[in-house]
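Q: Sharing a structure with you now.
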Amino acid sequence: MRDEVMKVRVPATSANLGAGFDALGMALSLYNVFTVTALRPRGEFRSDIIGEGAKEMSDVSANLVIKSYAEACEKWGVDGPGFDLLSNNAIPLCRGLGSSAGAVVAGVMIANALNEIKASESDLLRMMTQMEGHPDNVAPCCLGGMTVSCWDGSELRYVRLPSLPSDMHVVVAVPNVRVYTTDARQALPSVVEFDDAVFNLGRAALLTAAWATGKWDLLSWGMDDRLHQQYRAKLFPGGEVIMDRVRSIPGCLGVAISGSGPSVLAMVRGKPRRVAETMCRTFTEHGVDSLFFVLAGNADGARLETNL
Ligand code: HSE
């Protein structure tokens, strides 16, 4: 880490996992790395981006790591220094893979370390959730693995569950279209049927219990959902057919829209190739290019290394 002040590596995350809207999420083995390369006087920042967002995110004042850093300093009442930030981004933007949560997590962790705040894990997570608006990306991003979190607007409670076994793969297909979380939230109804609420309650509880006890054959039930995916599937090409097609492939244990979409995530035991090919072929049939990742579901949470 020569010539570096500090470096934070944050994982991609997939929120909801179907039934667990705004509560469940998991870390994935795909990372953005943010490096503070030099310190500057307060309020002075420079940003350099490699990879995802390099062309479009040149405006320093809109950089979410820097904005989150500045907001954290303000909340803690410290005059933190400015800095030069090098972002090496592998997580696709606006695809439901937690890139904005990762930026918030990194900004708050840099503020905590640079200003020697020594905030507790739960205080950091509460601040990150306040900034992000919901906990289901920031919690797994910080803690790694799969997390259950509940947020009431000011207080947060969370549990990290055991990681997926190493023979399970997480296949994520990423279409070349963007869906903004604000739009995906606006697509949801303001009132839901009692039956649908009960349906999701049972599924989310089953998913959590199945995950905690390793009963992976229950994931297909546990990841089913009636609260949000049917509305969001209309927001991207192929969304309304892709999950049914993938669900029936042998070895596919469960499938869901990743976060607010448009990426689609499948849990696969055994060879992931057929699931990945089916997902990408479905997007192609609907006129949109896509790429896929075969990821591990036992990724570590955010990690900070410092030379201070
Ligand atoms: N739970 C949030 C949603 C996650 O589905 O809107 C957004 O990344």
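If you read the sequence shown in the working numbering, its first letter stands for residue 28, the second for the next number, and so on.
Just so it is clear, CB atoms sit at the ideal spot from N, CA and C, and this is done for glycine as well.
In this text, all values refer to a predicted model and were calculated from it rather than measured experimentally.
Just reading off the alpha helix (DSSP H) that Ile93 is part of, what are its end residues?
A: That run of the alpha helix (DSSP H) goes Leu91 to Trp103.
Q: Ala117 and Gly78 look like a contact to me (Cβ under 8 Å); what is the Cβ gap, rounded to whole Å?
A: Contact holds; Cβ gap of about 6 Å.
Q: For the beta strand (DSSP E) that contains Asn115, what are its first and last residues?
A: Segment Gly109 to Asn116, the beta strand (DSSP E) holding Asn115.
Q: To the nearest angstrom, how far is the alpha carbon of Thr283 from that of Asp86?
A: In the sequence under discussion, the amino acid at residue 283 is Ala, which differs from the Thr named in the question. Distance between the alpha carbons of Ala283 and Asp86 is about 34 Å.
Q: Is any non-hydrogen atom of the ligand HSE found closer than 8 Å to the C-beta of Phe48, if you look at the structure I gave you?
A: Checking every heavy atom of the ligand HSE against the Cβ of Phe48, one is found closer than 8 Å.
Q: Could you check whether the Cβ of Asp163 sits closer than 8 Å to any heavy atom belonging to the ligand NAD?
A: Judged by which ligands are present, the ligand NAD is missing from the structure shown, whose ligands are the ligand HSE.
Q: Which runs of the alpha helix (DSSP H), 4 residues or longer, sit entirely within the region 251–281?
A: The qualifying runs are 256–259 and 266–274.
Q: Report the CB separation of Thr309 from Gly265 in whole angstroms; it is logged as a contact under 8 Å.
A: Yes, they are in contact, since the Cβ atoms of Thr309 and Gly265 sit about 5 Å apart, within 8 Å.
Q: Considering only heavy atoms of the ligand HSE, does any lie closer than 8 Å to the CB of Asn43?
A: Yes; taking the cut-off as 8 Å, the Cβ of Asn43 has a heavy atom of the ligand HSE nearer than that.
Q: At which residue ranges does the region 119–176 contain complete alpha helix (DSSP H) runs of 4 or more residues, listed in the order of the chain?
A: Here the runs fully enclosed are 126–141, 148–159 and 165–170.
Q: Whether or not the region 236–244 and the region 269–277 are in contact is what I'm after, with contact meaning three or more pairs of Cβ atoms, one per stretch, closer than 8 Å; do they touch?
A: No: fewer than three Cβ pairs fall under 8 Å.
Q: Distance check for Gly104 and Lys261, CA to CA, integer angstroms please.
A: Using only the alpha carbons, I get a separation of about 44 Å.
Q: Out of curiosity, what's the CA-to-CA distance linking Arg330 and Asn142?
A: Rounded to whole angstroms, Arg330 to Asn142 spans 17 Å at the Cα level.
Q: Alpha carbon to alpha carbon, what distance is there between Leu112 and Leu233?
A: When rounded, the distance between both Cα atoms is 42 Å.
Q: If distances are taken between C-alpha atoms only, which option among Arg122, Ser95, Asn325 and Asn115 comes closest to Thr109?
A: Sequence inspection shows Gly at residue 109; the Thr mentioned does not correspond to that position. Closest by alpha carbon: Ser95.
Q: Is the Cβ-Cβ distance between Ala326 and Ser193 less than 9 Å?
A: No, the Cβ-Cβ distance between Ala326 and Ser193 is not below 9 Å.
Q: Should His255 be counted as a contact of the ligand HSE given a C-beta to heavy atom distance under 8 Å?
A: For the ligand HSE, at least one heavy atom lies less than 8 Å from the Cβ of His255.
Q: List the whole-angstrom C-beta distance separating Met136 from Val35, where the pair is believed to meet the contact cut-off of C-beta under 8 Å.
A: Yes, Met136 and Val35 are in contact; Cβ-Cβ is about 5 Å, under 8 Å.
Q: Would Thr156 be called buried (16 or more neighbouring beta carbons within 10 Å of its own) or exposed?
A: The residue in question, Thr156, is buried, as its Cβ has 16 or more Cβ neighbours within 10 Å.
Q: What residue range is occupied by the uninterrupted beta strand (DSSP E) comprising Asn59?
A: Here the beta strand (DSSP E) through Asn59 covers Leu51 to Arg67.
Q: In the DSSP assignment, the alpha helix (DSSP H) including Leu233 goes from what residue to what residue?
A: First-last of the alpha helix (DSSP H) with Leu233: Phe221 to Thr240.
Q: Using alpha carbons as the reference points, say which of Cys307, Ala293, Val315 and Ser285 lies closest to Phe48.
A: Comparing Cα positions, the closest option is Ser285.
Q: Would you kindly work out how many angstroms separate the C-alpha atoms of Arg212 and Lys82, rounded to a whole number?
A: Rounded to whole angstroms, Arg212 to Lys82 spans 27 Å at the Cα level.
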